[in-house]
Structure formats: structure tokens, C-alpha cells
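In our numbering, the protein residues as written are 178 to 510.
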Amino acid sequence: MNKLTTIESHFLQQQKLYPEVNHEVTDLLHDVAFAAKLVRREVVRAGLADILGLAGTTNVQGEEVKKLDLFANEKIISAIGQHGRFALMGSEENDSVIVPPKNDTGNYVLLFDPLDGSSNIDVNVSVGTIFSIYRIKSDDPGKASLDDCLQKGAEQIAAGYVIYGSSVVMVYTTGHGVHGFTYDPTIGEFLLSHENIVTPERGKYYSANEGSWHEFNEGTKRFLDYLKEEDKATGRPYSTRYIGSFVADFHRNLLTGGVFIYPATKKHKNGKLRLMYEANPMAFICEQAGGRATDGERRILDIQPEELHQRTPLYIGSKHDVLIAEEFEQGKR
Ligand code: P6P
178 MNKLTTIESH FLQQQKLYPE VNHEVTDLLH DVAFAAKLVR REVVRAGLAD
228 ILGLAGTTNV QGEEVKKLDL FANEKIISAI GQHGRFALMG SEENDSVIVP
278 PKNDTGNYVL LFDPLDGSSN IDVNVSVGTI FSIYRIKSDD PGKASLDDCL
328 QKGAEQIAAG YVIYGSSVVM VYTTGHGVHG FTYDPTIGEF LLSHENIVTP
378 ERGKYYSANE GSWHEFNEGT KRFLDYLKEE DKATGRPYST RYIGSFVADF
428 HRNLLTGGVF IYPATKKHKN GKLRLMYEAN PMAFICEQAG GRATDGERRI
478 LDIQPEELHQ RTPLYIGSKH DVLIAEEFEQ GKR
């Protein structure tokens with residue numbers, strides 16, 4: 178497709194090619210792209226519009242919520258909710274699922290993290306929105322329940338993220354490749370800029386918060402030491418790249434190659450990243466781009482969720498690098 182392909186025309190092309198990507202799915206994707214434009218407008222104005230700083234509330238994770246978190250959450254809910262195209266929504270910022278206006282529902286569930294990495298907002302580091310779409314298991318949207326949200330990642334119909342950085346890029350997959358679109362503010366459109374993203378088999382970067390070194394298990398420590406050893410044949414030592422904003426670290430590693438790890442620590446016994454609206458959507462994208470994502474033992478997309486906000490250890494990125502991380506985690510190296 179040519180460089181003037183808008184994200185909307187790409188959605189329609191996917192709808193024509195793939196039956197599971199029906200108009201309800203492309204409508205949802207369109208609404209997410211629209212909400213992203215609204216969030217972008219505020220993110221780029223944050224320094225001027227005095228919307229920085231804590232909103233004084235805390236979310237279900239016990240984290241202080243910045244005003245942009247609330248704004249992004251509200252915009253996504255209203256953008257999606259205005260058309261009633263969903264059966265349920267689940268957000269990092271909401272304790273329980275969000276139900277649509279009465280008798281105006283769709284057959285899909287949207288799970289999202291409205292503004293991941295928000296602790297970086299007021300220091301001008303890239304933040305992001307992450308989303309995941311499932312079809313409900315029952316045929317009656319009116320009967321949709323939390324159960325329809327707690328599906329394995331392998332059941333996702335679509336997933337994506339928006340990174341609000343030096344430029345704003347929306348990346349998504351419907352299971353038919355990974356495609357990136359860069360926002361052009363002069364025309365208000367997301368234009369195709371990264372068609373069929375394939376992540377390198379092995380990377381040159383690793384992303385880990387080594388400040389937690391003493392909380393890591395032995396396998397994790399030995400993996401990180403391995404990456405730092407000198408061995409030209411395997412491109413080691415890798416360089417550290419850790420921004421503390423998952424979407425930014427993931428996006429860089431997706432394009433250049435690399436591995437992001439957030440293992441279990443003493444403070445986060447099940448890891449810190451959330452399964453349903455961070456690990457699963459990014460794992461779907463990563464695998465579609467030729468990468469790999471596990472919790473050290475299991476494929477992320479095969480994990481049967483138990484609750485909406487559950488966390489998981491996460492090793493995600495270039496297939497070769499994640500496989501080696503798993504071998505260290507499983508004591509095979
Ligand atoms: P730490 C941001 O709060 C976040 O959820 C991810 O975006 C990021 O990768 C991670 O936490 C950073 O956590 O413990 O290294 O500060």
C-alpha cells in the first residue's frame with residue numbers, strides 16, 4: 178500500500194480480506210484511533226495546559242493517578258461508548274468492568290491501559306495506550322460478563338498500542354501481520370509508516386530495571402550477566418536501554434531487536450506488568466512480528482486469566498533472546 182494509506186483505509190482492507198475482522202471490529206479500531214487523537218492533543222499540550230501533576234486519586238494498582246491518566250481513560254470510554262459497539266470494557270483505571278448503555282451493545286470486549294508509563298508524563302518521556310479486543314463467548318451481548326474478558330491472549334481478535342513520543346505512532350495487529358501508522362497533525366490522520374513489521378531474530382538491547390538486582394532470582398541474574406559478557410560471535414555485550422515506560426521500551430525493541438524483562442521480584446511476586454491489557458496485547462503483536470513472549474515458563478498467550486488486573490512476569494522481544502532468557506529461568510543454562 179502507498180505511503181498515503183490512512184489507518185482507516187487499512188482497517189477496511191483488513192475487513193475485506195479477513196472474515197473475523199468484521200465491521201464491528203473495524204468500528205472499534207476506528208474509535209480507538211479517534212480516542213488516540215484526543216489523548217495525543219492533551220499529551221502534547223500537557224506542559225502548557227497545566228494538566229500535569231497528580232489528580233490526587235489512586236487507581237486499583239495503588240498508584241497515584243496523574244490527570245492525563247484520567248483524561249485518557251475518560252476519552253477512550255466515551256469514544257468507544259458513544260456507539261455502543263462493545264459488550265464490556267476493562268481498564269487499568271477501573272476496578273471493575275465497564276458496561277455499555279442499556280440495549281446498545283456489541284459482540285466485543287475492549288481491554289486497555291489508557292496511559293501506560295504515566296509516571297513519566299511530567300518529565301516528557303514517551304507514554305502509551307495499549308488495547309486488546311476479544312469477541313464475547315456467548316451469542317447474547319446482553320449476557321456478557323467478566324468471563325468474556327478473562328479469555329486467553331490467544332483468543333484476541335485484535336491488539337495494538339499508541340506511543341505518544343517525538344511522533345505519535347499507532348501499531349496494531351488483527352493476526353495478519355503488524356502495521357504501524359504515524360500521526361500527521363497537519364491533516365489529522367494516522368498514515369501507514371511501518372507496513373508488516375518484523376522484529377529481528379536477536380537484538381542488541383536488553384531492557385530491565387537492574388535497580389531491583391537483589392530482588393531477582395538466580396536465573397534472571399545469570400541471564401543478565403550472560404548478556405553483558407564479551408562475545409563478538411553472539412553480538413555480546415548487549416546495551417542497556419530501559420526507559421521505565423513499557424510502550425516505549427517495547428516499541429524500540431520491536432523495531433531494532435531486543436528483549437524486555439520484568440521478572441518476579443520480592444516487591445512484585447507475580448511481576449509488575451498486567452496480563453490482560455499489557456502483556457497479552459504486546460505478546461500478540463510480538464509473536465505476529467516473529468518474536469516471543471513468555472512468563473519464563475509459559476507462553477503469555479496461553480495463560481488462562483483468573484482476574485482482570487492480574488500481573489505476570491514478562492520476557493518479551495526477539496525470539497532468540499527470549500528463548501535464552503527462558504533457559505536461564507528454567508535452570509537449563
Ligand atoms: P519499574 C510504568 O509504571 C510501568 O507499568 C511500565 O510502563 C514500565 O515498564 C514499568 O512500570 C516500570 O517499572 O519498577 O522499573 O519502575
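Virtual Cβ for every residue (Gly too), placed ideally from N, Cα, C.
Quantities reported herein were computed from a predicted structural model and do not represent experimental measurements.
State the Cα-Cα distance for the pair residue i and residue j, rounded to the nearest angstrom.
i: R399; j: L491; result: 17 Å
i: A226; j: F248; result: For A226, the pLDDT reaches just 48, beneath the cut-off of 50, and the residue's location in the model is therefore unreliable, leaving the point undetermined.
i: I257; j: G396; result: 43 Å
i: E503; j: Y349; result: 26 Å
i: D408; j: Y415; result: 10 Å
i: A456; j: C463; result: 10 Å
i: R510; j: I501; result: 8 Å
i: L369; j: G508; result: 43 Å
i: E201; j: S268; result: 20 Å
i: F367; j: T183; result: 6 Å
i: L292; j: I340; result: 9 Å
i: L205; j: V304; result: 22 Å
i: E445; j: L245; result: Here residue 445 is His; the residue named in the question, Glu, does not match the sequence. H445 and L245: Cα-Cα distance of roughly 25 Å.
i: E332; j: E506; result: 27 Å
i: S495; j: F427; result: 11 Å
i: L450; j: N199; result: 30 Å
i: D208; j: E406; result: 47 Å
i: A212; j: N250; result: 9 Å
i: N297; j: P196; result: 40 Å
i: L194; j: I334; result: 14 Å
i: T306; j: V220; result: 12 Å
i: D272; j: Q328; result: 18 Å
i: L229; j: N301; result: At L229 the pLDDT is 49, less than 50, meaning the model places this residue with poor confidence; the figure from the coordinates comes in the next sentence. Distance between the alpha carbons of L229 and N301 is about 11 Å.
i: R418; j: T376; result: 16 Å
i: K381; j: L404; result: 9 Å
i: V286; j: Y439; result: 27 Å
i: D317; j: Q259; result: 20 Å
i: G261; j: F423; result: 30 Å
i: R469; j: I493; result: 6 Å
i: I275; j: A264; result: 9 Å
i: F393; j: D472; result: 14 Å
i: G330; j: G467; result: 16 Å
i: H486; j: G434; result: 29 Å
So does residue i have its beta carbon nearer than 8 Å to some heavy atom of the ligand ADP?
i: V274; result: In the structure shown, the ligand ADP is absent; the only ligands present are the ligand P6P.
So, with DSSP's three-state summary, where would you put residue i?
i: V154; result: Given a span of 178 to 510 for the chain in the structure shown, any question on residue 154 remains unanswerable.
i: D408; result: strand
i: S416; result: strand
i: F308; result: strand
i: F188; result: helix
i: I334; result: coil
i: H391; result: helix
i: G319; result: helix
i: R218; result: helix
i: L194; result: helix
i: D227; result: The predicted position of D227 is uncertain, since its pLDDT is 49 and thus under 50; a value taken from the coordinates is nonetheless stated next. D227: coil per DSSP, three-state reduction.
i: A456; result: helix
i: G508; result: coil
i: G283; result: coil
i: T203; result: helix
i: R429; result: helix
i: L401; result: helix
i: G494; result: strand
i: A256; result: helix
i: A466; result: coil
i: F480; result: The residue asked about is misnamed: residue 480 is Ile in this sequence, not Phe. Coil.
i: I298; result: helix
i: E251; result: helix
i: L327; result: coil
i: G396; result: helix
i: K244; result: helix
Have a look at the DSSP bridge pairing and note the partners of residue i.
i: M347; result: V339 and F358
i: G448; result: K446
i: H371; result: G357
i: E366; result: D361
i: S384; result: F437
i: F289; result: S268 and F308
i: I501; result: Its beta-bridge partners do not exist; DSSP assigns none.
i: I275; result: M266
i: R475; result: Its beta-bridge partners do not exist; DSSP assigns none.
i: T182; result: Its beta-bridge partners do not exist; DSSP assigns none.
i: R488; result: R451
Quick one: is residue i near chain C, going by C-beta distance under 9 Å?
i: D316; result: In the displayed structure, chain C is absent; only one protein chain is listed.
Legend entry - Cβ pair count under 8 Å reaching 3, the stretch 350 to 361 against the stretch 377 to 390: Contact between the stretch 350 to 361 and the stretch 377 to 390 is absent, because fewer than three Cβ pairs lie under 8 Å.
Legend entry - Touching by the beta-carbon criterion (3+ pairs, under 8 Å), the stretch 469 to 485 and the stretch 300 to 318: Of all C-beta pairs linking the stretch 469 to 485 to the stretch 300 to 318, fewer than three are shorter than 8 Å, placing the two stretches out of contact.
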